[in-house]
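Enquirer: Quick one: this structure, given as structure tokens, is what I'll be asking you about.
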Amino acid sequence: MPAFDETAKRRIRFQTRRGLLELDILLGRFMDKEFQHLSDDELAVFVEILDLPDQEFLALVNEKEEAGKPYFVPLLEKIRKA
Numbered sequence: 001m002p003a004f005d006e007t008a009k010r011r012i013r014f015q016t017r018r019g020l021l022e023l024d025i026l027l028g029r030f031m032d033k034e035f036q037h038l039s040d041d042e043l044a045v046f047v048e049i050l051d052l053p054d055q056e057f058l059a060l061v062n063e064k065e066e067a068g069k070p071y072f073v074p075l076l077e078k079i080r081k082a
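Number 74 in the UniProt record's numbering belongs to position 74 of the sequence shown; there are no gaps in the numbering.
Below you can see the structure in the form of structure tokens.
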């Protein structure tokens, strides 16, 4: 399990700036409400989700596609609820 220091967290924050307005809005809310409460395990999953292309990421958040990786589901739920 990787440990995320403040530099790594700043890098993650930067990665949340996306090319789609819908994702920017969703991630902005999520970052304001939930980001500071994520464990290192959740941060590792979040980084993996952020590596997805914008369209695929949005489809997962909007439940248009099923998450191929079951461990994505809890974090996707947190993003949706934010």
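A virtual CB, placed ideally from N, CA and C, is assigned to each residue, including glycine.
State the start and end residues of the unbroken alpha helix (DSSP H) segment that holds residue 13.
Expert: Start and end: 6-15.
Enquirer: What number of angstroms, rounded off, separates the C-alpha of residue 65 from the C-alpha of residue 38?
Expert: Residue 65 and residue 38: Cα-Cα distance of roughly 24 Å.
Enquirer: Please classify residue 24: does DSSP put it in a helix, a strand, or coil?
Expert: In the structure shown, residue 24 sits in a helix (DSSP, three-state: H, G or I).
Enquirer: Where does residue 41 fall in DSSP's three states?
Expert: It is helical.
Enquirer: Taking residue 80 as part of the alpha helix (DSSP H), name the residues at either end of that continuous run.
Expert: 73-81 is the span of the alpha helix (DSSP H), which, as asked, contains residue 80.
Enquirer: To the nearest angstrom, how far is the alpha carbon of residue 47 from that of residue 12?
Expert: Straight-line Cα distance between these residues: approximately 7 Å.
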